[in-house]
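With full-length UniProt numbering applied, the sequence shown closes on residue 172, and no number is skipped along the way. Glycine included, each C-beta is placed from N, C-alpha and C at the ideal position.
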Amino acid sequence: MRLLHRPRPRTTLSKKNHRLWSTNKWLKTVQSFSSLFLTLKSLSHLNNHSRVLCVSAGTGHEVRALTQIGVKDVTGVELVDSPPLVSRADPHNPPFFNGVFDLGFSAHLDQALFPSRFAAETERTVKAGGVCVVAVEECGRDGVRDVAGLFRKSRCVTARGSTAESRQELLV
1 MRLLHRPRPR TTLSKKNHRL WSTNKWLKTV QSFSSLFLTL KSLSHLNNHS RVLCVSAGTG
61 HEVRALTQIG VKDVTGVELV DSPPLVSRAD PHNPPFFNGV FDLGFSAHLD QALFPSRFAA
121 ETERTVKAGG VCVVAVEECG RDGVRDVAGL FRKSRCVTAR GSTAESRQEL LV
């Protein structure tokens, strides 16, 4: 007796994305990032014509939030791609020329294997006068100083609690 194996039905990328992007958790996280980025817009650190790099962008929450608030040129990178929002690239060695972005953002510095390399590469890709922003777990002054110290070519402008997921925004 021979059993026939039926191939598993394939799900299209658009169906997978629709399923992911319609969850409450996804929508809440995107809204949280949108709020953070609107604050950056109000401080004139971001505008609709800014070139933005999202490093360790995961499935693309921050990329979606930026595009929803009107930013036209957003690039998200992660070790594993998540099309169409995030492309595959090593966050410790992003494949971009020096100084091509106006703003570099990450909410996952705490997950970097080499945080100092991660910070240095983010700084390298951001142009002089640009802004590096990291969202980190809530931490005290010493933690803020440690994170800001990773960005050796920058200065810490502000640190404040800002997102719904108990993370702190650190503007370097």
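**OP:** Return the bridge partner residues of Thr-75 from the DSSP annotation.
**Re:** Thr-75 pairs with Leu-53.
**OP:** Keeping to the same chain, check which residues put their C-beta closer than 6 Å to that of Arg-88; ignore five residues upstream and five downstream.
**Re:** For Arg-88, the CB contacts under 6 Å within the same chain, skipping 5 residues up- and downstream, are Asp-81 in chain order.
Subject >> Pro-83 and Leu-20 closer than 9 Å at C-beta >> reply: The answer is no: Cβ separation not under 9 Å.
Original post:
When you compare each of Leu-43, Thr-67, Leu-46, Arg-51 to Gln-31 by their alpha carbons, which one comes out closest?
Top reply: The option with the nearest alpha carbon to Gln-31 is Thr-67.
Subject >> Uninterrupted beta strand (DSSP E) stretches inside the stretch 109-164 (no shorter than 3 residues) >> reply: You should have 126-137, 158-161.
Original post:
Can you name the start and end residues of the beta strand (DSSP E) that Leu-40 belongs to?
Top reply: Taken as a continuous stretch (DSSP letters only), Leu-40 belongs to no beta strand (DSSP E), being part of the alpha helix (DSSP H) at 24-42.
**OP:** Grab the span of the alpha helix (DSSP H) containing Ser-14 for me, first residue to last.
**Re:** Element bounds for Ser-14: 13-21.
Original post:
Within 10 angstroms of its Cβ, does Asp-142 collect 16 or more other Cβ (buried), or is it exposed?
Top reply: Answer is exposed; the Cβ neighbour count stays below 16.
Original post:
How many Å lie between Pro-7 and Lys-16 at the Cα?
Top reply: For Pro-7 and Lys-16, the distance between alpha carbons rounds to 18 Å.
Original post:
Buried or exposed: Thr-23, going by 16 or more other Cβ atoms within 10 Å of its Cβ?
Top reply: Thr-23 comes out exposed.
Original post:
Leu-109: buried (16+ other C-beta within 10 angstroms of its C-beta) or exposed?
Top reply: It counts as buried.
Original post:
The beta strand (DSSP E) spanning Arg-88 covers which residue range?
Top reply: Membership of Arg-88 in the beta strand (DSSP E) is indicated by the continuous run 86-88.
Original post:
CB-CB under 7 Å to Arg-117, same chain, minus the five flanking residues each way: which ones, in chain order?
Top reply: Cβ within range, chain order: His-92.
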